[in-house]
Amino acid sequence: MFDSLGKGLSGLIRKLTTGTSVDKKLVEEILNDLKILLLQSDVDIKLADELVSNVRRKTLEEKTPAGLTLREHVLKTIYEELVKLLGENPAPLMGKKRIMFVGLFGSGKTTTIGKLSKSLMKQGLKPALVALDYHRPAAPQQLEQLGKQIGVPVHINSNKNPYEAAAEGMKKFEKYDTVIFDTAGRNALDKELAEELKKLTEIIKPDEVLLVIPADLGKVAKVQAEEFHKLAGVTGVVISKMDGTAKAGGALAAASVTGAKVKFIGVGEKIDDLESYDPKRFVSRLLGLGDLETLLEKAKEVDIKKESVEKIVEGRFNLQDFYDQIEAMQKMGPLGQIAKMVPGLGAAMPEAMMEKQEEKMKRFKHILQSMTKSEKENPGIVNASRIKRIAKGSGRPESEVRELLDQYEKMKKMMKMLGGQAGLQRGALKNLGKQFGFKF
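Quick look at the structure:
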């Protein structure tokens, strides 16, 4: 997600934090690199210039606040200006009755509707969908199929009339918590479709109009966002396909310029791959400072057992606990995404290493599934003959079974050693967090 900018910003932060001394020359060097990074990520040049100018003024022309070193002040100011560029904290959708989705052809609008519906269901809400796209062949059927997949009702007008569909859908789903309207994908400058969208807005009178912008749209996003805003009064933006491009700056910054807040970001192809957008957390991840709040929320969603986590942290876990954690981590998402939420870990581990480790976790899971309950609870009993049986049952070589047992023992020893340093590490995180208003 936003990988090249994230890696570049992490590099700038390392340059800032590891330098022997921070002076005007180093700050100017960092600001120049920052501007290049923003432009490479398709952020509008005026916005990039404004951000760099603000950081320069606050750090070099104004007095450093009491209690902060210049190094800390520069880091804090870059963080605050990036948050300002990428939007304010969004208003939640809870309680919104009618949500109308708008966007370009191929923006991922219908898929995003499915993801949002699933998210609303997790919150205990009852959503329903209304098909308003009768321009693209099979578009209503695509929405209907998506509705069946997640267990949400879909209304389709038999006359293929979007205006009739809108009125019918509102009446049919009156008792539902949220009704989501899927309009036709369009170019905001298309006059015929623009008129249709204006008329639909008048009929539906939506509580929320969400514009879906693909992350790879670049600088064009600004023009499209402004046009859609004029037509339908966009209240929020969803950035789709964030996992597939390094150039999401234009999409994020465009939303900020139009005054419509980014509410969600699509981070993958799965139905659960939709995150509520929080600029502070997002920028924290970009800077390599992690995002422990989102990580904890993900952990809560997959119901990770507290006792199991404590046993691992204290180095007194068995292979059943090890298996439970592998399963839980896989439910939370790709290892690379999880690593970015841990302060310092995302930048420290190359992407290739992450992918290799994720593949290894899958193999280890197969091996663990071939073990008996007693073997997982008492790894010490796994001898040569048991290794042979486990390897045969899992379809993996004996060497991999031994590798799993070896890694398990090494991990246990490492966690026991780190356990004594946990208090110190928590204290360091808290001190870092205070600078940015985070609570670890």
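In the numbering used here, the protein residues as written are 3 to 442.
For each residue, glycine too, the CB sits at the ideal point set by N, CA and C.
- What did DSSP end up calling K117 once you bin it into helix, strand or coil? Three-state DSSP puts K117 in a helix.
- Query: Pick from T114, Y178, E30 and V54: whose alpha carbon is nearest that of L41?
  - Reply: Ranked by Cα distance from L41, the first of T114, Y178, E30 and V54 is V54.
- Nearest CA to the CA of D35: which residue from S160, K282 and G10? Of the listed residues, the one whose Cα sits closest to D35 is G10.
- Task: Would you mind sorting R16 into buried or exposed? The rule is 16 or more other CB atoms within 10 Å of its CB.
- Result: Exposed, because fewer than 16 other Cβ atoms sit within 10 Å of the Cβ of R16.
- Message: With distance defined between alpha-carbon atoms, name the residue in S401, L321, K378 and G397 nearest to A1.
- Response: With the chain covering only 3 through 442, there is no way to say anything about residue 1.
- Any idea if S396 is buried or exposed, counting beta-carbon neighbours within 10 angstroms, 16 or more meaning buried? In this structure S396 is buried. Its beta-carbon is surrounded by 16 or more other beta-carbon atoms within 10 angstroms.
- Top-ranked residue by Cα proximity to E146, from D274, A168 and V132: If we check each option's Cα against that of E146, V132 comes out closest.
- On a CA-only basis, which of R59, L122, T71 and R100 is nearest I273? Give me that one, please. Here the closest residue by C-alpha is L122.
- Look at the Cβ atom of P155, then the Cβ atom of L134, and state whether they are nearer than 7 Å. Taking 7 Å as the cut-off, the Cβ atoms of P155 and L134 do not count as close.
- Message: What would DSSP say about F319, mapped onto helix, strand or coil?
- Response: Under the three-state reduction of DSSP, F319 is assigned to coil, being neither helix nor strand.
- Closer than 8 Å by C-beta to I392: which residues in its own chain qualify, once you throw out the five before and the five after it? Chain order, please. Result list for I392: I369, S372, M373, E377, V384 and V403, in chain order.
- Task: Would you give the residue range spanned by the alpha helix (DSSP H) that L87 belongs to?
- Result: Where L87 is concerned, the enclosing alpha helix (DSSP H) stretches over L72 to L87.
- Query: In or out: E198 buried (at least 16 other Cβ within 10 Å) or exposed?
  - Reply: Buried, because 16 or more other Cβ atoms sit within 10 Å of the Cβ of E198.
- Query: Can you list, in chain order, the residues of its chain whose CB lies under 8 Å from that of V236, leaving out five sequence neighbours each side?
  - Reply: V104, V211, L212, L213, A227, F230, T260 and A262, listed in sequence order.
- Give the straight-line distance between the Cα atoms of I241 and P142, rounded to the nearest whole angstrom. Put simply, the backbone Cα of I241 is about 23 Å away from that of P142.
- Return the first residue and the last residue of the beta strand (DSSP E) that A130 is part of. The continuous beta strand (DSSP E) containing A130 extends over residues P129 to A133.
- Query: Considering V264, what are the terminal residues of the beta strand (DSSP E) in which it resides?
  - Reply: Per DSSP, V264 belongs to the beta strand (DSSP E) from K263 to G268.
- Output yes or no for whether 7 Å exceeds the beta carbon distance between G187 and F107. In contact: G187 and F107 (Cβ atoms closer than 7 Å).
- Query: With respect to the beta strand (DSSP E) encompassing T180, which residues constitute its N-terminal and C-terminal limits?
  - Reply: Looking at the DSSP string, the run of the beta strand (DSSP E) that includes T180 is T180 to D184.
- Task: Answer yes or no: do Q144 and T112 have a C-beta to C-beta separation smaller than 7 Å?
- Result: For Q144 and T112, yes; Cβs fall inside 7 Å.
- Message: Three Cβ pairs or more, each shorter than 8 Å: is that satisfied between the segment 77-97 and the segment 158-173?
- Response: Output reads no: the segment 158-173 does not touch the segment 77-97.
- Item | Where I101 sits in the DSSP three-state scheme | Strand.
- Query: The alpha helix (DSSP H) with I215 in it runs from where to where?
  - Reply: I215 -> not in any alpha helix (DSSP H); beta strand (DSSP E) instead, spanning E210 to P216.
- Check whether V45 and I80 have beta carbons under 7 Å apart: No. Outside cutoff.
- Quick one: measure Cβ to Cβ for L406 and F366, integer angstroms, because I've assumed they're closer than 8 Å. For a cut-off of 8 Å, the C-beta gap from L406 to F366 is around 5 Å, short enough to register as a contact.
- Task: Specify the secondary structure class of H368 as computed by DSSP and reduced to three states.
- Result: H368 falls in the helix class under three-state DSSP.
- Message: Just to confirm, is the Cβ distance from F209 to K98 under 7 Å?
- Response: Note that residue 209 is Asp in the sequence shown, not Phe. Yes, these two residues count as a Cβ contact at 7 Å.
- Outcome for M102 when other beta-carbon atoms lying within 10 angstroms are tallied against a minimum of 16: Buried.
- Message: Quick check on P116: buried or exposed, where buried means 16 or more other Cβ atoms within 10 Å of its Cβ?
- Response: Before going on, a small fix: residue 116 reads as Gly here, not Pro. Around the beta-carbon of G116, 16 or more other beta-carbon atoms lie within 10 Å, marking it buried.
- Query: Comparing alpha-carbon positions, which option in E329, K48, I47 and L62 lies nearest E31?
  - Reply: Ranked by how close their Cα comes to the Cα of E31, the residues E329, K48, I47 and L62 have L62 in first place.
- Query: Looking at Y279 and V264, is the spacing between their C-beta atoms short of 7 Å?
  - Reply: Yes, the Cβ-Cβ distance between V264 and Y279 is below 7 Å.
- Query: Buried or exposed: R100, going by 16 or more other Cβ atoms within 10 Å of its Cβ?
  - Reply: Result: buried.
- Between D179 and L219, is the Cβ-Cβ spacing less than 7 Å? Taking 7 Å as the cut-off, the Cβ atoms of D179 and L219 do not count as close.
- Consult DSSP for I241 and reduce its assignment to one of helix, strand or coil. The DSSP-derived three-state label of I241 is strand.
- Item | Nearest-angstrom Cα separation, counted from M244 out to G110 | Approximately 11 Å between the Cα atoms of the pair.
- With 16 other Cβ atoms within 10 Å as the buried cut-off, status of N463: The structure shown has nothing for residue 463, since the chain only spans 3 to 442.
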